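Here is the structure we will look at, set down as structure tokens.
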Amino acid sequence: MLTEELQIASRAKKFKQEALTNLHQFIDVDFLRTSFKSLNKKSASGVDNKTWYDYEQDLENRLPQLLVEFKSGKYQSPPIRRVYINKGKKGKRPLGIPTIEDKILQESVRRVLNPIYENDFKDFSYGFRKCRSAHQAIEFMFKEVSFKSLHHIIDADITNFFGTINHGILREFLDLRVKDGVIRKIIDKWLKAGILENGQLHYPSEGTPQGGLISPLLANIYLNYVLDKWFLEEIQPLLSGESFIVRYADDFVLGFENAVDTERVMKVLSKRFNKFNLELHSDKTKVVNLTSKRGNGDRSFDFLGFTHYLGKSRKGYMILKRKTSKKKLAVALDKILIFIKINRDIKLQELISAINVKLDGHYGYYGITFNSKGINNYFEQVQRILQKWLNRRGGKSVWNWDRFNKLITLWHPLLKPKIYHSYKSAKPI
417 MLTEELQIAS RAKKFKQEAL TNLHQFIDVD FLRTSFKSLN KKSASGVDNK
467 TWYDYEQDLE NRLPQLLVEF KSGKYQSPPI RRVYINKGKK GKRPLGIPTI
517 EDKILQESVR RVLNPIYEND FKDFSYGFRK CRSAHQAIEF MFKEVSFKSL
567 HHIIDADITN FFGTINHGIL REFLDLRVKD GVIRKIIDKW LKAGILENGQ
617 LHYPSEGTPQ GGLISPLLAN IYLNYVLDKW FLEEIQPLLS GESFIVRYAD
667 DFVLGFENAV DTERVMKVLS KRFNKFNLEL HSDKTKVVNL TSKRGNGDRS
717 FDFLGFTHYL GKSRKGYMIL KRKTSKKKLA VALDKILIFI KINRDIKLQE
767 LISAINVKLD GHYGYYGITF NSKGINNYFE QVQRILQKWL NRRGGKSVWN
817 WDRFNKLITL WHPLLKPKIY HSYKSAKPI
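Per the working numbering, the sequence shown starts with residue 417, numbered consecutively.
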């Protein structure tokens, strides 16, 4: 954390119930330079087609000019280039790509605002926060469900969250903590920035584009007031039993000790979100009783790529276990199938080395306690896919299973499954 960020954090803690002003003074040329160097050098270019390396060539001349434009209010946010990335087999997710210069300013403003809101955000909020991972969110939920027997779950899904954030409401939330005119002016410009899609430029009246560096922070601010503070300060005191909330970006789960509290919250949840221009997906938001008998309703739920369900520990305790969700497994296998199919004719050593990188990435996320079967299943499926497509090299089936097993175990070994995230400390005594 920069010295400036520490100073802002100290001020935010001292004046916790007040809006801060004169924050733009912390942004100078050195601050902009640090933001530039923190950007992903391989990121896609925006509407100006300039890469990180292109901008670096004129960096020292451009940064002082950019600072003047930013502080004088003359800076004009360029349109955001919109692309779509695959979201499983059934759809695609929009992604906004700002220019490098816009990213520098967004990163700088994010660095200024982040220390303020880190004082305000709740401990159960994990998405897009430093040193807070999806695995930590899963561990937190594991402890709440397993150790406190909070077996009644609300599995919620917000429809098009990033695309429906209300600009007016967001400004009201920002007013509570930030009243620096320079900072607020450029945030407004980013919210109003045009979106270039298929050669057509349009201007959104709501939402904040996924892909912008400032968007995750603005999204967290929005849900901090809409959901986190509301549930913690207004809902939990009214409940008869224990409860918890865990949130990762716009994905969240609520847990309760008894069914009555679950139903009470479920009745008001949609109304709460509708009040702030948000909508819960009617088909994907559901109540789950983890102790239900088979055939008596949902008794598992998906969160952060895993299906969570109750199971017995080695000592006989009922604990929350997890496995790779069917949807995520299908997507992962589909991606590696396409990769192997396209690259099946390259040298075997190069092909298997590339596959191992993908296997390592999969194990790095899904290699978690209780999911040994999940990553072993993935490994076995990848073997079948690889053997199938190697037998289509040149139209000859030369890789019978005996020869293929020698290939992946002796000649060019495939990376075997490994548990990377073990929560031994989280298991019941």
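The beta-carbon is built from N, C-alpha and C at its ideal position, and this holds for glycine as well. All of these numbers come straight from a predicted model, not from anything done at the bench.
Could you name the residues that DSSP lists as bridge partners for residue i?
{"i": "Ser671", "result": "Strictly speaking, residue 671 in this sequence is Gly, with Ser absent from that position. Gly671 is bridged to Ile569 and Phe660."}
{"i": "Val594", "result": "Leu436"}
{"i": "Gln473", "result": "Paired residue(s): none; Gln473 is not in a bridge."}
{"i": "Gly512", "result": "Arg498"}
{"i": "Met734", "result": "Lys728"}
{"i": "His837", "result": "Ile784"}
{"i": "Asp718", "result": "Thr723"}
{"i": "Thr740", "result": "Phe722"}
{"i": "Ile574", "result": "Leu696"}
{"i": "Gly507", "result": "Lys503"}
{"i": "Ser541", "result": "Arg663"}
{"i": "Gln626", "result": "Gly628"}
Taking the beta carbon of residue i as the centre, do at least 16 other beta carbons fall within 10 Å, making it buried, or is it exposed?
{"i": "Ser841", "result": "Legend: pLDDT at Ser841 = 42, less than 50; position of this residue unreliable, value from coordinates given subsequently. That one is exposed."}
{"i": "Gln522", "result": "buried"}
{"i": "His697", "result": "exposed"}
{"i": "Pro844", "result": "Confidence in Pro844 is poor, its pLDDT being 38 and thus under 50, which makes the residue's placement unreliable; the coordinate value appears in the next sentence. Pro844 should be labelled exposed."}
{"i": "His618", "result": "exposed"}
{"i": "Gln765", "result": "exposed"}
{"i": "Ile768", "result": "buried"}
{"i": "Arg819", "result": "exposed"}
{"i": "Arg497", "result": "buried"}
{"i": "Ile637", "result": "buried"}
{"i": "Trp805", "result": "buried"}
{"i": "Ser562", "result": "buried"}
{"i": "Trp827", "result": "exposed"}
{"i": "Lys700", "result": "exposed"}
{"i": "Arg587", "result": "exposed"}
{"i": "Trp817", "result": "exposed"}
{"i": "Tyr469", "result": "exposed"}
{"i": "Glu650", "result": "exposed"}
{"i": "Ile513", "result": "buried"}
{"i": "Tyr779", "result": "buried"}
{"i": "Lys429", "result": "exposed"}
{"i": "Tyr403", "result": "The structure shown has nothing for residue 403, since the chain only spans 417 to 845."}
{"i": "Asp465", "result": "Just to set this straight, residue 465 is Asn in the shown sequence, not Asp. Asn465 comes out exposed."}
{"i": "Tyr471", "result": "buried"}
{"i": "Ile603", "result": "buried"}
{"i": "Thr515", "result": "buried"}
{"i": "Asp474", "result": "exposed"}
{"i": "Leu775", "result": "buried"}
{"i": "Val773", "result": "exposed"}
Between which two residues does the beta strand (DSSP E) containing residue i stretch?
{"i": "Gly727", "result": "Phe722 to Lys728"}
{"i": "Lys702", "result": "Lys702 to Asn705"}
{"i": "Ser813", "result": "Ser813 -> no beta strand (DSSP E), and no H or E assigned at all."}
{"i": "Ile611", "result": "Ile611 to Glu613"}
{"i": "Leu617", "result": "Gln616 to His618"}
Quick one: measure Cβ to Cβ for residue i and residue j, integer angstroms, because I've assumed they're closer than 8 Å.
{"i": "Leu629", "j": "Arg526", "result": "6 Å"}
{"i": "Lys743", "j": "Gly727", "result": "Going by Cβ atoms, the distance from Lys743 to Gly727 rounds to 20 Å, so no, they are not a contact pair."}
{"i": "Asp718", "j": "Ser741", "result": "5 Å"}
{"i": "Leu592", "j": "Arg600", "result": "That belief does not hold up - the Cβ atoms of Leu592 and Arg600 are roughly 12 Å apart, past 8 Å."}
{"i": "Pro495", "j": "Leu634", "result": "With 8 Å as the limit, Pro495 and Leu634 do not qualify as a contact, their Cβ atoms being about 18 Å apart."}
{"i": "Phe672", "j": "Ser659", "result": "5 Å"}
Name the two residues that bound the continuous alpha helix (DSSP H) containing residue i.
{"i": "Thr419", "result": "Thr419 to Lys430"}
{"i": "His408", "result": "Since the first and last residues shown for the chain are 417 and 845, residue 408 lies out of range."}
{"i": "Leu654", "result": "Unbroken run through Leu654: none, as it is neither H nor E."}
{"i": "Leu634", "result": "Ser631 to Leu639"}
{"i": "Leu448", "result": "Val445 to Ser454"}
Hey, is the segment 752–771 in contact with the segment 700–710, meaning 3+ C-beta pairs nearer than 8 Å?
-> Flag = no, the segment 752–771 and the segment 700–710 do not touch.
Three or more C-beta pairs closer than 8 Å, one from the segment 665–677 and one from the segment 559–579: is that the case here?
-> yes
Determine contact between the segment 609–626 and the segment 508–518, defined as no fewer than three beta-carbon pairs at a distance below 8 Å.
-> The segment 609–626 makes contact with the segment 508–518, as at least three CB pairs between them are under 8 Å.
Taking one C-beta from the segment 442–456 and one from the segment 529–549 each time, how about it: are there three or more such pairs within less than 8 Å?
-> no
Would you be able to state if there are at least three C-beta pairs under 8 Å between the segment 474–484 and the segment 428–448?
-> yes
Are the segment 781–788 and the segment 831–840 touching, with three or more C-beta to C-beta distances below 8 Å?
-> Yes: the two stretches touch, three or more of their Cβ pairs being nearer than 8 Å.
Using 8 Å as the Cβ pair cut-off and three pairs as the minimum, do the segment 512–521 and the segment 485–504 touch?
-> yes
Assess, as a yes-or-no matter, whether the segment 673–683 is touched by the segment 647–659 under the definition of 3 or more beta carbon pairs within less than 8 Å.
-> yes
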